[in-house]
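Set out below in structure tokens:
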């Protein structure tokens, strides 16, 4: 074949590939991974891990290698989430989806228990590298809310109080801080949209680990947020709301605020923004005064319940 014919054939192939890619991109039924993440609440990193490691997703590819998904993929991700929400290890999900099994026919995996035991063991042995390795593995495979619920919290409870828990938290915290920074960098705010949307705060670094667990859970769902965990007084919160242009706030209110819970809640209600206040002692005081729900303010005793309900019931735009 002459060089001229080869060039003609090559140009024709390139034109065809360009046409095919344009057709895919112009087809409104296909969308990129970022939109799949927004539709399902699963971070793009996790979606890629599900595809590469377990073959759970099979996106179409443009000639340039860009992933494209459709509504079938949305339903597929929702199916994956239903299984792992019930405690099934992600490595087992593909077979369950392909076989069309139902939850009542499945013996749930004990993988979460194994990971909990491993984290407790590594913490008591002060093995920082092993803790970091487990963190990276689990948080890359699972949505943050599931990793927190099924791995971190049960492990912390088993460790109880003492040096092992302190050591474990000291390793997990910078991992979470790094993840928050990475997830924020991935977000591309819409033009004209103020950011951050949610202010996550506490007093004098109280519950700082929970501040960053909450931020990780929210960012994983595409909810923009800002962590300011070291306010000195509740009076600073309104200035932080204004300064950061936050549209709502999640505050960890520990026992030092319990004696003045009614006043704090009244102050929060005056802001005219959705607020979740979390803390066992604070909730108990608010409950006794019948002020656990005032205006846009909701008070929660348990942190996981508060953060989860905050994400699902407060619409952030």
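Residue numbers (our numbering): 103 to 419. Note that the Cβ used here is the ideal one computed from N, Cα and C, for glycine as well.
Rounded C-alpha distance that separates residue i from residue j
| i | j | result |
| --- | --- | --- |
| residue 134 | residue 413 | 24 Å |
| residue 299 | residue 348 | 5 Å |
| residue 192 | residue 154 | 12 Å |
| residue 137 | residue 150 | 13 Å |
| residue 225 | residue 131 | 48 Å |
| residue 143 | residue 324 | 7 Å |
| residue 285 | residue 322 | 7 Å |
| residue 183 | residue 248 | 10 Å |
| residue 301 | residue 201 | 44 Å |
| residue 194 | residue 233 | 23 Å |
| residue 230 | residue 278 | 14 Å |
| residue 170 | residue 178 | 14 Å |
| residue 362 | residue 369 | 11 Å |
| residue 409 | residue 252 | 15 Å |
| residue 275 | residue 281 | 10 Å |
| residue 365 | residue 163 | 57 Å |
| residue 305 | residue 265 | 23 Å |
| residue 113 | residue 165 | Legend: pLDDT at residue 113 = 48, less than 50; position of this residue unreliable, no value from coordinates given. |
| residue 392 | residue 398 | 15 Å |
| residue 341 | residue 327 | 16 Å |
| residue 346 | residue 320 | 17 Å |
| residue 168 | residue 161 | 9 Å |
| residue 227 | residue 372 | 49 Å |
| residue 358 | residue 367 | 14 Å |
| residue 407 | residue 360 | 19 Å |
| residue 415 | residue 187 | 19 Å |
| residue 145 | residue 258 | 25 Å |
| residue 283 | residue 273 | 16 Å |
| residue 241 | residue 172 | 25 Å |
| residue 215 | residue 139 | 28 Å |
| residue 212 | residue 339 | 43 Å |
| residue 147 | residue 263 | 33 Å |
| residue 390 | residue 411 | 22 Å |
| residue 152 | residue 309 | 32 Å |
| residue 250 | residue 185 | 17 Å |
| residue 294 | residue 174 | Because the pLDDT at residue 294 is just 48, under 50, the model does not fix this residue reliably, and the value given afterwards should be weighed accordingly. The alpha-carbon atoms of residue 294 and residue 174 are separated by roughly 32 Å. |
Three-way DSSP call (helix, strand, coil) for residue i in this model
| i | result |
| --- | --- |
| residue 162 | strand |
| residue 212 | coil |
| residue 303 | strand |
| residue 401 | strand |
| residue 387 | helix |
| residue 171 | strand |
| residue 309 | coil |
| residue 331 | strand |
| residue 413 | helix |
| residue 266 | helix |
| residue 395 | strand |
| residue 228 | coil |
| residue 378 | strand |
beta-carbon residue i near the ligand ADP non-hydrogen atom, thresh 6 Å
| i | result |
| --- | --- |
| residue 400 | The model on display carries no ligand, and the ligand ADP is accordingly not part of it. |
Check whether residue i and residue j have beta carbons under 7 Å apart
| i | j | result |
| --- | --- | --- |
| residue 158 | residue 181 | no |
| residue 425 | residue 218 | Lying outside 103 to 419, the shown extent of the chain, residue 425 is not represented and no answer is given. |
| residue 220 | residue 318 | no |
| residue 330 | residue 303 | yes |
| residue 350 | residue 375 | yes |
| residue 222 | residue 254 | no |
| residue 196 | residue 156 | yes |
| residue 141 | residue 190 | no |
Any C-beta of chain C under 7 Å from that of residue i
| i | result |
| --- | --- |
| residue 288 | Among the chains in the structure shown there is no chain C, since it carries only a single protein chain. |
**Message:** Assess contact between the segment 379-389 and the segment 397-407, defined as three or more Cβ pairs (one per stretch) separated by less than 8 Å. Is contact present?
**Reply:** yes
**Asked** Between the segment 307-324 and the segment 345-364, do three or more beta carbon pairs fall short of 8 Å?
**Response** yes
**Asked** Taking contact to mean at least 3 C-beta pairs separated by less than 8 Å, is the segment 235-247 in contact with the segment 258-270?
**Response** no
**Request:** Would you be able to state if there are at least three C-beta pairs under 8 Å between the segment 331-338 and the segment 385-399?
**Result:** no
**Within the segment 347-374, ranges of the beta strand (DSSP E) (whole runs, at least 3 residues)** = 350-354
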